[in-house]
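Everything below concerns the one structure shown next.
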Amino acid sequence: MRRLTYGQAISEATVQCMEADPSIFVAGIGVDDFKGIFGTTSEAFRRFGPTRVFDIPNGENAMTGIAIGAAAVGKRPLVVHPRNDFMFLCMDQLFNLAAKWRYMFGNRGGVPVVFRGIVGRGWGQGATHSQSLQSLFAHFPGLHVGLPASPADAKGLLVSALRGSAPVVLLENRALYDLDGEVPEACEAIPFGKGRVVRAGTDVTIVGISLMAYEAARAADILTTHGVSAEVVDLRSVRPLDEDIVLCSLRKTGRLVVADTSWALCGVSAEVAAIAAEKGWHFLKAPVRRVTPPDCPAPVSKPLEDAFHPNPMTIAQACLDVLKAGAPLGAGVVDVQATFAGPY
Amino acid sequence: MTQDSRMRLLRDMVRIRRVEETLADLYPSQEMRTPTHFSIGQEAVAVGVCAALRRTDAVYSGHRCHAHYLAKGGDLRAMVAELYGRETGCARGRGGSVHLNDPEAGVIASSAILGQTMAVAVGTALAFRMDGRDDVAVTFFGDGTVEEGIFHETLNFAVMRHAAVVFVCENNGFSTHTRLEVRQPAGVPIHSRGGSYGMPSRLVDGNDVFAVHAAAQEAVAHCRRGDGPFFLECTTYRWREHVGPLWDYDKGYRTKAEVDSWIAQCPIRRASEILVAEGVCTVEQVMALERESQVEVNDAVAAARAAPFPAVEDLTLGTY
Numbered sequence: 331m332r333r334l335t336y337g338q339a340i341s342e343a344t345v346q347c348m349e350a351d352p353s354i355f356v357a358g359i360g361v362d363d364f365k366g367i368f369g370t371t372s373e374a375f376r377r378f379g380p381t382r383v384f385d386i387p388n389g390e391n392a393m394t395g396i397a398i399g400a401a402a403v404g405k406r407p408l409v410v411h412p413r414n415d416f417m418f419l420c421m422d423q424l425f426n427l428a429a430k431w432r433y434m435f436g437n438r439g440g441v442p443v444v445f446r447g448i449v450g451r452g453w454g455q456g457a458t459h460s461q462s463l464q465s466l467f468a469h470f471p472g473l474h475v476g477l478p479a480s481p482a483d484a485k486g487l488l489v490s491a492l493r494g495s496a497p498v499v500l501l502e503n504r505a506l507y508d509l510d511g512e513v514p515e516a517c518e519a520i521p522f523g524k525g526r527v528v529r530a531g532t533d534v535t536i537v538g539i540s541l542m543a544y545e546a547a548r549a550a551d552i553l554t555t556h557g558v559s560a561e562v563v564d565l566r567s568v569r570p571l572d573e574d575i576v577l578c579s580l581r582k583t584g585r586l587v588v589a590d591t592s593w594a595l596c597g598v599s600a601e602v603a604a605i606a607a608e609k610g611w612h613f614l615k616a617p618v619r620r621v622t623p624p625d626c627p628a629p630v631s632k633p634l635e636d637a638f639h640p641n642p643m644t645i646a647q648a649c650l651d652v653l654k655a656g657a658p659l660g661a662g663v664v665d666v667q668a669t670f671a672g673p674y
Numbered sequence: 006m007t008q009d010s011r012m013r014l015l016r017d018m019v020r021i022r023r024v025e026e027t028l029a030d031l032y033p034s035q036e037m038r039t040p041t042h043f044s045i046g047q048e049a050v051a052v053g054v055c056a057a058l059r060r061t062d063a064v065y066s067g068h069r070c071h072a073h074y075l076a077k078g079g080d081l082r083a084m085v086a087e088l089y090g091r092e093t094g095c096a097r098g099r100g101g102s103v104h105l106n107d108p109e110a111g112v113i114a115s116s117a118i119l120g121q122t123m124a125v126a127v128g129t130a131l132a133f134r135m136d137g138r139d140d141v142a143v144t145f146f147g148d149g150t151v152e153e154g155i156f157h158e159t160l161n162f163a164v165m166r167h168a169a170v171v172f173v174c175e176n177n178g179f180s181t182h183t184r185l186e187v188r189q190p191a192g193v194p195i196h197s198r199g200g201s202y203g204m205p206s207r208l209v210d211g212n213d214v215f216a217v218h219a220a221a222q223e224a225v226a227h228c229r230r231g232d233g234p235f236f237l238e239c240t241t242y243r244w245r246e247h248v249g250p251l252w253d254y255d256k257g258y259r260t261k262a263e264v265d266s267w268i269a270q271c272p273i274r275r276a277s278e279i280l281v282a283e284g285v286c287t288v289e290q291v292m293a294l295e296r297e298s299q300v301e302v303n304d305a306v307a308a309a310r311a312a313p314f315p316a317v318e319d320l321t322l323g324t325y
């Protein structure tokens, strides 16, 4: 199968869906400029022009409402935020209206708006440009929340979003943008609420999401050299959340490590741990461990930043701890963004 | 305007008044359990504007939405059933008084968060234009919404995209119990805000249904031509308490004399006095309109009370 980068896969999904469905339009700050949101909207703009791919003024909350109002009468807006941190300014429209629309108007209609938010990481982007808001979005009934970790999922989940009836938030980690992988040429949807076993294993389950699913796979490579067989599960979406894939894996391994790009408290890692505690207690051979950023905003200075983000070594170490299997690992793996030269 | 059109304005106002006063009388029985913001006293804005619209135009509203819903042609029985929490309600008992909708009548949504549906109306207008339709979107909001950030974001965007939206501000002088003069700077009237973004803007006597209607016709025609958004500030007054069926002139934030001065400016009385004086109708005919509306609302109440509640097993229906 041919290979695409994560960013190319998003672009291809956008173009293919827009070709198939004239009701889709793309709106966002800079979607039509020379950068085209890291290249993900450039081809759509070239093909469909400014009537279907257009720049917007600042005013994130109003723009969210405008997308909702278009969706209410048959359009399928795709709104792009170059950083998900700007979406704090959209919360009223997103949670109080888009997420509730179908329910509070009597299970009629609904507003299929799709929001892409890019999660920054590294190169000193700091507190307000490198946080990942999945637990926030996932809390509210009425949304679908997806976090693709591979190019194929980046395409498939976006296709699913642009064909479905639910309002959707897709969070894309910037560190994944240049990674490549096999992507089907056909425009195929990957459903929300279905996780993916990234690799099979028998000793410990690592549940990850977004970049942490990728990092968990690298951790599994490290663990192999220590004689540990780790199963890596990528949730792919947190609302709906694939409980079965977590419990099936836990039944096999009896041990659970959860890695998340965001904080532990009230986070996705807490949710996965709760699934294990409520429904998988009898499978557990050891306490659940979570690997998350520490309880502080994202820092800027390189040594602090390196210590802030979970990485394959910290995930692998947590697995060894759960297995009571060995000495500290220390440092020794190439950072996922080692070649990233900034700025954004 | 034809005499029939003017009579229709009066009839629609009388109908809304009869509906709301009847519901207000029934509220203490505790059968309707949803916070309700009555429009009593403000009917002329809803009726004057909606009479300038066609069925395929879109209307959005806020928390005080009964009059807008009814004036645009929203189903009365479905509204009353919604207040009674029944499965036959317009939102099947999931929305309540502040979340009325009737898409077939062009009442797309109302919502209890200030300014929310201003932006949404612009999105609908944008979609109409994309589809080559000359329908317009109207969003009703109060003077309190002018203080929200989304008010300014929305006006800016609407002008930049020439959106076919009529912004209708019902200025009743209060945000809950707080007077306009302690919330917004003196000397900056609300209608000047619309003008400051470069759209035509009018100040209208919101208790004069004929004046509202004339202004709305100008605004709607402007939007249909593709000339961009239009702003109307309609001054009016809420007679009852902010939320609930009661009178509240004894609560200290306003006086009975102030309320009475606005009751003397009742939009229905003003319209009927004009029409009677001009010989368009008789006092008896106005009273007949009241009786007809009373029959209709009594019937809607009876139907709502006889309708089933939603099934508990359907509690989570509609969340994807």
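Residue numbers (our numbering), protein chains in the order written: chain A, 331 to 674; chain B, 6 to 325.
In this text, a Cβ means the ideal position worked out from N, Cα and C, and glycines have one as well.
Thr-181 (chain B) is positioned such that its CB atom lies no closer than 8 Å to that of Gly-211 (chain B). No Cβ of chain B is located within less than 8 Å of the beta carbon of Phe-375 (chain A). Taking 4 residues as the minimum length, the alpha helix (DSSP H) runs contained wholly in the segment 416–488 of chain A are 431–434 and 464–468, in order along the chain. A Cβ-Cβ distance of about 6 Å is found for the pair Leu-131 (chain B) and Ala-168 (chain B), placing them in contact under the 8 Å criterion. DSSP, read as helix, strand or coil, puts Phe-235 (chain B) in strand. By the Cβ neighbour-count rule, Asn-414 (chain A) is buried, with 16 or more other Cβ atoms within 10 Å of its own. Per the coordinates, the alpha-carbon of Asp-319 (chain B) lies some 10 Å from the alpha-carbon of Glu-92 (chain B). Contact between Asp-107 (chain B) and Tyr-74 (chain B) is confirmed by a C-beta separation of about 7 Å, below the 8 Å threshold. The beta-carbon distance between Ala-402 (chain A) and Gly-447 (chain A), rounded to whole angstroms, is 22 Å. This is too long to meet the 8 Å contact definition. Leu-501 (chain A) has A:Gly-447 as its beta-bridge partners, per DSSP.
In the three-state reduction of the DSSP assignment, Ile-398 (chain A) falls in the helix class, which pools H, G and I. Sequence-distant partners of Met-18 (chain B) (beyond 5 residues in either direction) whose C-beta falls short of 8 Å from its own C-beta, in its chain, are Glu-48, Ala-49, Val-52, Val-214, Pro-272, Ile-273 and Ala-276. Residue pairing by DSSP places His-411 (chain A) opposite A:Gly-447 in a beta bridge. Taking the Cα of Ala-309 (chain B) as reference, the smallest distance to any Cα among B:Ala-86, B:Gly-79 and B:Glu-153 is reached at B:Ala-86. Using a Cβ-Cβ cut-off of 8 Å, Ile-118 (chain B) counts as an interface residue toward chain A, since at least one Cβ of chain A sits closer than that to its own.
Between the segment 524–534 of chain A and the segment 458–468 of chain A, the count of Cβ pairs shorter than 8 Å is below three; the stretches do not touch. Proximity of chain B to Pro-387 (chain A) at the Cβ level (cut-off 8 Å) is accounted for by Glu-158, Asn-161, Phe-162 and Met-165, in chain order. Here Asp-510 (chain A) is not near Arg-566 (chain A), since their CB atoms are 8 Å or more apart. Taking each of B:Thr-41, B:Cys-55 and B:Val-288 in turn and checking the Cα distance to Tyr-89 (chain B), the smallest one comes out for B:Thr-41. Under the DSSP assignment, Cys-95 (chain B) falls outside any alpha helix (DSSP H); it carries neither an H nor an E label.
Within the segment 221–265 of chain B, complete alpha helix (DSSP H) segments of at least 4 residues are not found at all. Taking a beta-carbon distance threshold of 8 Å, Ile-273 (chain B) does not count as an interface residue toward chain A. When DSSP states are grouped into helix, strand and coil, Ala-546 (chain A) belongs to the helix group. Around the beta carbon of Trp-593 (chain A), a 10 Å sphere encloses 16 or more other beta carbons of the protein chains shown; the residue is thus reported as buried. Leaving aside the five residues that flank Ser-599 (chain A) on each side, the residues in its chain whose CB is nearer than 7 Å to its CB run, in chain order, Val-588, Asp-590, Arg-620 and Thr-622.
Across the structure, Lys-77 (chain B) and Ile-367 (chain A) are spaced so that their CA atoms are roughly 42 Å apart. Looking only at A:Ser-462, A:Gly-436 and A:Gln-455, the smallest Cα-Cα distance to Phe-418 (chain A) is reached by A:Ser-462.
The closest CA to that of Ala-29 (chain B), considering only B:Ser-102, B:Ser-206 and B:Asp-9, is found on B:Ser-102.
Under the three-state reduction of DSSP output, Ile-195 (chain B) falls in the helix class. When beta bridges are read from the DSSP output, Arg-20 (chain B) appears opposite no residue. Taking the Cα of Val-317 (chain B) as reference, the smallest distance to any Cα among B:Gly-98, B:Leu-251 and B:Gly-94 is reached at B:Gly-98.
Put simply, the backbone Cα of Arg-243 (chain B) is about 16 Å away from that of Thr-150 (chain B). DSSP, read as helix, strand or coil, puts Val-112 (chain B) in strand. Counted as a single uninterrupted DSSP element, the alpha helix (DSSP H) harbouring Tyr-336 (chain A) occupies residues 336–350.
Pairwise C-beta distances place the segment 541–558 of chain A in contact with the segment 644–658 of chain A, as three or more of them are shorter than 8 Å.
Assignment of Asn-641 (chain A) by DSSP, reduced to helix, strand and coil, places it in the coil class.
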